[in-house]
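J.: The sequence shown maps to residues 0 to 417 in numbering that gives the first Met the number 0. Built from N, CA and C at the ideal position, the CB exists for glycine as well.
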Amino acid sequence: MSNRVKTTQLVHGDRRLNKPQNGAVHEPSNNSVLFEFDDVSELEAVFQGKQAGHVYSRSSSGSAVALQNMLSDLEGGAGAVVFSTGMAAISAMMFSLLKAGDHIVVSQFLFGNTRSFMQTLGNFDIDVSFVDVTQANNVQNAMQDNTKMVFCESIANPVTQVADLSGISEVCAQNEALFVIDNTMTPASMLDAKSFGASIVVSSLTKYIGGHGNVLGGVLVDLGNFDWCCFDNISDIYKVSNTAQWGLTQIRKRGLRDMGGTLAPQSCHQLSVGLETLNMRMHKTCSNALALAQFCEAQNAIKRVHYPGLSNHPHHERAREQFSEQYGGILSIELMDRIDMRAFINAMSLIICSTHLGDTRTLILPAATTIFHENGPQQRAAMGIDDMLIRISVGIEDIEDLLGDITQALNIAESQDS
Ligand SMILES: *Cc1c(COP(=O)(O)O)cnc(C)c1O
């Protein structure tokens with residue numbers, strides 16, 4: 000396992016990139032909504048984008064800029080925008096870049112709420128094709144003259160299908176389409192999205208970046224390799240400065256300022272504290288997840304284990320290549336039919352029955368009847384989600400305690416065997 004980003008950068012980057020006042024080692028949380036100007040011409044210049052600064056904290060604040068600079072730096076990006084949640088980032092990106100009559104190609108293996116948001120896009124006459132992104136030719140076959148964007152997750156939740164990022168990026172380059180990766184499952188410590196040809200990454204900061212289940216957030220990073228000149232939907236008023244900034248400018252103005260999904264300054268600060276320990280937590284999470292997956296695979300009571308770190312996973316080699324030999328913190332399992340899935344989950348004494356993922360604590364839940372309930376049986380089948388599928392989001396506990404909890408829960412559930 001290797002970490003792509005340097006821990007030194009995670010710990011010292013904030014200070015180096017932003018130089019907080021009064022010798023503070025952190026950009027502090029600044030809660031002022033408004034900003035004073037000594038000269039009205041300065042206020043006018045900031046409003047008109049001719050000078051850097053903040054006018055109203057819905058659009059920008061010092062705390063947001065500090066976090067944005069860090070997250071963009073980690074991805075080697077041209078800039079970033081933070082949002083109140085991951086869903087705010089995804090919806091703002093799509094609503095600010097797409098218009099009626101456009102077509103997009105998205106993964107058929109999507110986070111449940113993103114999948115549900117696609118229905119809303121449909122109401123605005125944006126046509127969506129769902130494809131199996133584990134093979135790039137499916138993406139190629141779905142491309143149309145009006146295709147503006149291809150959107151996929153790096154590792155899908157909960158069945159852990161791994162997208163063919165290089166293949167898809169070639170298709171996008173040939174078709175001048177934006178390639179957007181939701182890299183929530185594989186943060187910058189694991190995936191160099193830019194080297195796999197993505198134009199934009201979006202991510203839920205609520206998960207691994209924050210890491211402690213106490214703050215929501217989302218981010219969008221423009222990786223700086225997309226030619227916005229060939230993107231029809233940029234409004235003339237945002238075609239200012241160099242073309243590399245056109246997309247971000249429109250997303251900031253339309254997606255953040257006008258739609259208002261702003262990340263609060265306090266949340267920016269909390270997320271930047273979480274970011275400091277990203278490498279350590281991901282390292283432990285991934286090694287725990289691999290050990291747990293291998294253990295589950297060896298149990299007679301467990302029928303199937305989905306985890307990209309297992310050598311029999313259909314995309315194991317691809318995952319090794321794309322994610323710096325780490326395989327993420329999500330695994331899912333199916334028990335033998337004779338064992339009651341609910342009895343097993345109820346028998347956990349350490350592992351928490353809860354939604355959410357990317358926490359320091361290990362969490363477990365049935366996928367079909369909870370987060371994917373609204374999707375219905377047909378969509379679930381297309382996503383490979385069995386009715387009895389159990390998702391485990393692995394935390395940073397001591398591995399022997401996790402294995403012990405699974406063992407005792409299996410014993411209890413098996414003894415209730417009908
Ligand atoms: C959680 C999640 C989101 C949404 O993020 P929120 O911060 O909860 O809004 C989007 N994509 C993926 C892959 C996620 O896991």
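List the DSSP bridge partners of G78.
T.: In the sequence shown, the residue the question calls residue 78 occupies position 79. DSSP lists D221 as partners of G78.
J.: Report back the beta-carbon spacing between S165 and T183 to the nearest angstrom; my notes put them in contact at under 8 Å.
T.: Here residue 165 refers to the residue found at position 166 when the sequence shown is read from its first residue. Here residue 183 refers to the residue found at position 184 when the sequence shown is read from its first residue. The Cβ separation is near 20 Å, so there is no contact.
J.: Going by CA-CA distance only, name the one from E175, M117, T119 that's closest to R142.
T.: Locating residue 142 in the sequence shown gives position 143, where the first residue counts as 1. According to the sequence displayed, residue 142 carries Met and not Arg. Looking at the Cα atoms, E175 is the closest of the given residues.
J.: Near ligand 1, which residues have their beta-carbon closer than 7 Å to a heavy atom?
T.: Residues flagged by the Cβ proximity filter: T84, G85, M86, A87, I89, F110, N112, T113, E152, N156, D181, T183, M184, S203, L204, T205, K206, L215, G216, G217, L356.
J.: In this structure, how does DSSP classify F129 when only helix, strand and coil are distinguished?
T.: As a first step, residue 129 is located in the sequence shown; it is residue number 130 there, counting from the start. DSSP places F129 in strand when its eight states are reduced to three.
J.: Within 10 angstroms of the Cβ of K206, are there 16 or more other Cβ atoms? Answer buried if so, exposed if not.
T.: In the sequence shown, counting from the first residue as 1, residue 206 sits at position 207. Buried is the call here.
J.: Which residue comes first and which comes last in the alpha helix (DSSP H) that contains E169?
T.: Here residue 169 refers to the residue found at position 170 of the sequence shown. Counting along the chain, the alpha helix (DSSP H) containing E169 begins and ends at 164-174.
J.: Work out the CA separation of V272 and D101 for me, nearest whole Å.
T.: Indexing the sequence shown from 1 puts residue 101 at position 102. Indexing the sequence shown from 1 puts residue 272 at position 273. Going from the Cα of D101 to the Cα of V272 covers about 39 Å.
J.: Among residues of its own chain, excluding the 5 on either side of A455, which ones have a beta-carbon nearer than 8 Å to its beta-carbon?
T.: Residue 455 cannot be examined here, being either before or after the span of the chain that is shown, 0 to 417.
J.: Round the Cβ separation of A292 and A346 to the nearest angstrom and send it over; I've been treating them as touching at under 8 Å.
T.: Along the sequence shown, read from residue 1 onward, the residue named residue 292 stands at position 293. Along the sequence shown, read from residue 1 onward, the residue named residue 346 stands at position 347. Not confirmed; about 20 Å, so no contact.
J.: I'd like to know whether the C-beta atoms of V324 and R303 end up nearer to each other than 8 Å.
T.: As a working mapping, residue 324 is identified with position 325 in the sequence shown. As a working mapping, residue 303 is identified with position 304 in the sequence shown. Looking at the sequence itself, residue 324 is Glu, so the reference to Val does not match. Contact: no.
J.: What residues in its chain sit with their C-beta under 8 Å from that of R3, if we drop five residues either side in the sequence?
T.: The sequence position of residue 3 within the sequence shown is 4, counting from 1. For R3, where only same-chain residues beyond five positions count, the Cβ hits under 8 Å are A187, S188, M189, L190, D191, S323.
J.: Quick one, are the C-beta atoms of Y306 and T119 less than 8 Å apart?
T.: Start at 1 with the first residue of the sequence shown, and residue 306 comes out as number 307. Start at 1 with the first residue of the sequence shown, and residue 119 comes out as number 120. No. Outside cutoff.
J.: Return helix, strand or coil for P376, following the three-state DSSP convention.
T.: Here residue 376 is taken as the residue at index 377 of the sequence shown, counted from 1. Residue state, collapsed to three classes: helix.
J.: Counting only the same chain and skipping the five closest in sequence on each side, list residues whose C-beta sits under 8 Å from that of I233.
T.: In the sequence shown, counting from the first residue as 1, residue 233 sits at position 234. Here the set comprises W227, W245, G246, Q249.
J.: Which word fits L33, buried or exposed, when buried means at least 16 other C-beta atoms lie within 10 angstroms of its C-beta?
T.: Here residue 33 refers to the residue found at position 34 of the sequence shown. So L33 counts as exposed.
J.: Output needed for L215: all residues of its chain with C-beta closer than 6 Å, excluding positions within five of it in sequence on either side, in chain order.
T.: Position 216 of the sequence shown, counted from the start, is the residue given in the question as residue 215. Excluding residues within five positions, the ones whose Cβ falls inside 6 Å are T84, T205.
J.: Would the beta-carbon of F225 fall within 8 Å of that of L255?
T.: For the purposes of this step, residue 225 is taken as residue 226 along the sequence shown, with counting starting at 1. For the purposes of this step, residue 255 is taken as residue 256 along the sequence shown, with counting starting at 1. Going by C-beta atoms, F225 is not nearer than 8 Å to L255.
J.: The alpha helix (DSSP H) spanning K283 covers which residue range?
T.: Indexing the sequence shown from 1 puts residue 283 at position 284. It spans 277-296 - the alpha helix (DSSP H) in which K283 sits, taken as one unbroken run.
J.: Just checking, does the stretch 151-158 make contact with the stretch 28-42 on the three C-beta pairs under 8 Å criterion?
T.: No contact exists between the stretch 151-158 and the stretch 28-42.
J.: Please specify which runs of the alpha helix (DSSP H), each continuous and at least 4 residues long, are wholly inside the stretch 4-69, giving them in chain order.
T.: Runs found: 6-17, 39-46.
J.: Applying the criterion that 16 or more other CB atoms from any shown protein chain within 10 Å of the CB defines a buried residue, is V104 buried or exposed?
T.: Within the sequence shown, the letter at position 105 stands for residue 104. By the 10 Å Cβ count, V104 comes out buried.
J.: Quick one: grab the DSSP three-state call for H268.
T.: To locate residue 268, count along the sequence shown from 1; it is residue 269. Note: H268 maps to helix in three-state DSSP.
J.: Spatial neighbours of E275 within its chain, please: CB distance less than 6 Å, with the 5 preceding and 5 following residues excluded, ordered by chain position.
T.: Residue mapping note: residue 275 aligns to position 276 of the sequence shown, counting from 1. L9, V10, listed in sequence order.
J.: Can you find the residues in the same chain that come closer than 6 Å, C-beta to C-beta, to R317, ignoring five residues on each side of it along the sequence?
T.: Counting from one through the sequence shown, the residue named residue 317 turns up at place 318. These residues qualify, in order along the chain: V161.
J.: Just to confirm the assignment, what range does the alpha helix (DSSP H) spanning F178 have?
T.: In the sequence shown, residue 178 corresponds to position 179, counting from 1. No alpha helix (DSSP H) contains F178, which is instead part of the beta strand (DSSP E) from 177-181.
J.: Which of the three DSSP states, helix, strand or coil, is assigned to F343?
T.: Indexing the sequence shown from 1 puts residue 343 at position 344. Three-state result, F343: helix.
J.: Nearest by alpha-carbon distance to M335: which of A197, A297, S90 is it?
T.: Position 336 of the sequence shown, counted from the first residue, corresponds to residue 335. With distances taken between Cα atoms, M335 lies closest to A297.
J.: Decide if the stretch 389-404 is in contact with the stretch 355-369; the criterion is three or more beta carbon pairs, one per stretch, under 8 Å apart.
T.: Touching, per the Cβ criterion.
J.: What three-state label does DSSP hand L402 in the structure shown?
T.: Residue numbering aside, residue 402 sits at position 403 when the sequence shown is read from its first letter. Three-state result, L402: helix.
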